[in-house]
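**Q**
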Amino acid sequence: MTILEHKCSGWRVAAYTREGLHPVYRLFWADLPHANIFASVMPDILHQLHKKVFHNHLLKWCTDIVGEAQIDEQYRTMTNYPSLCYFSKGIFLVSQWTGTEHCEMQRVFLSVLAGAVQPLVFHAARAVLDFIFYTQFHSHTSQTLDMLQNALDKFHAHKHIFKDLRVHDDFNIPKLHSMLHYVDSIKSCSSADGFNTEFPEHLHIDFAKNAYHATNKQDYVVQMTKWLMRQEMVDQFSTYLDWHLERFEELQTGGDEEDEDNENDGLNDETTSIQPANNNSQPSN
């Protein structure tokens with residue numbers, strides 16, 4: 002805030018350019034009592050770890066070391082296995098990646114690097130992948146948080162190899178810095194998967210992609226709105242039908258049980274009325 006105030010006053014502030022700040026001088030949260038804007042920034046596994054730390058940084062660094070052709074060849078020659086994704090055409094022909102594809106690529110990434118990179122590079126990559134996998138736990142204990150922190154410490158202990166190999170000059174990267182706050186965020190606000198934007202972004206398929214494909218690509222906004230409105234009406238009517246049928250079945254089941262009870266009562270009365278009398282009297286002489 003001090004840097005922004007000096008910049009607003011017309012001073013030449015070197016830190017303004019160095020830190021990559023933008024001219025937002027009147028911050029809405031500056032005068033709010035008990036407000037810590039930095040504590041409100043939650044972890045985002047999809048954009049911070051999958052897309053940035055792994056894909057934009059770690060994969061790029063390892064590709065610069067090994068070579069794009071060899072990385073693609075390693076993925077293509079990977080043994081096909083039922084529970085693993087098989088990248089028959091490599092990975093560099095894909096222009097857009099989803100969160101699921103990032104996870105599939107990470108599952109076999111160490112096998113791709115094995116024997117192709119220096120041991121320190123392998124250890125650094127393994128530490129990053131361990132960190133990403135630990136953050137996706139649905140619940141945490143003190144032990145899992147210690148493992149999460151240890152994985153991050155191992156990466157920082159081995160990251161100098163990328164600078165030694167002249168792959169990257171410095172590690173002043175916002176997404177790498179965000180990894181430092183994961184443990185504290187999980188302790189204060191529960192597991193990180195609850196703040197993952199991958200789940201709400203999945204709604205883009207229903208509310209944007211499918212709706213756009215249902216149009217004729219002309220004035221598509223109006224057509225998309227009408228298509229979504231009709232889909233909601235169909236969903237509401239389907240919900241009503243399910244509720245009505247479930248209630249009808251309950252009534253039918255209750256009526257059948259009542260009929261069975263009446264039949265059983267009738268059989269019991271009939272059985273009682275036709276039971277033979279027990280005559281213990283002896284015939285007289």
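Add 1 to the 1-based position in the sequence shown for my numbering, that's all there is to it.
By construction, the Cβ of each residue, glycine as well, lies at the ideal position given by its N, Cα and C atoms.
Could you compute how far the alpha carbon of residue 236 sits from the alpha carbon of residue 183?
**A** Near 39 Å, if we compare the C-alpha coordinates of residue 183 and residue 236.
**Q** In this structure, how does DSSP classify residue 3 when only helix, strand and coil are distinguished?
**A** Residue 3 falls in the helix class under three-state DSSP.
**Q** Please list, in chain order, all residues of the same chain as residue 111 whose beta carbon is under 8 Å from its beta carbon, the five residues on each side excluded.
**A** So the qualifying residues of the chain are 123, 126, 127, 130.
**Q** Return helix, strand or coil for residue 167, following the three-state DSSP convention.
**A** Coil, per DSSP.
**Q** Under 8 Å Cβ to Cβ from residue 216, same chain only, skipping five residues before and after it: list those, please.
**A** Answer for residue 216: 224, 225, 228, listed in chain order.
**Q** Taking C-alpha atoms, which residue in 83, 121, 72 lies nearest to residue 91?
**A** Considering only alpha carbons, the answer is 72.
**Q** Nearest CA to the CA of residue 55: which residue from 180, 162, 70?
**A** Cα-wise, what sits closest to residue 55 is 180.
**Q** Near residue 50, what residues of its chain come up, given a Cβ to Cβ distance below 6 Å and the 5 sequence neighbours on each side ignored?
**A** Closer than 6 Å at Cβ, skipping near neighbours: 133.
**Q** Does the separation of the CB atoms of residue 196 and residue 43 fall below 8 Å?
**A** Contact: yes.
**Q** Locate the alpha helix (DSSP H) running through residue 62, then write down its first and last residues.
**A** It spans 60 to 67 - the alpha helix (DSSP H) in which residue 62 sits, taken as one unbroken run.
**Q** In terms of alpha-carbon separation, which member of 199, 74, 218, 240 lies closest to residue 94?
**A** Of 199, 74, 218, 240, the residue nearest in Cα terms is 74.
**Q** Tell me which residues share the same chain as residue 48 and place their Cβ nearer than 7 Å to its Cβ, disregarding the 5 neighbours each side in the sequence.
**A** Answer for residue 48: 198, listed in chain order.
**Q** Between the alpha carbons of residue 120 and residue 69, how many angstroms are there, rounded?
**A** In a straight line, the C-alpha of residue 120 is about 19 Å away from that of residue 69.
**Q** Just to confirm, are residue 82 and residue 113 a CB contact at a threshold of 8 Å?
**A** No, Cβ-Cβ distance for residue 82 and residue 113 is not below 8 Å.
**Q** Going by the beta-carbon positions, is the gap between residue 172 and residue 188 smaller than 8 Å?
**A** Against a cut-off of 8 Å, the Cβ pair of residue 188 and residue 172 comes out as no contact.
**Q** Which of helix, strand or coil does DSSP assign to residue 195?
**A** In this structure, residue 195 counts as helix in the three-state DSSP scheme.
**Q** Near residue 65, which residues of its chain fall below 7 Å by C-beta distance, leaving aside the five closest residues on each side in sequence?
**A** Excluding positions up to five away in sequence, the list reads 168.
**Q** Should residue 80 go down as buried or exposed, given a rule of 16 or more other Cβ atoms within 10 Å for buried?
**A** Exposed, because fewer than 16 other Cβ atoms sit within 10 Å of the Cβ of residue 80.
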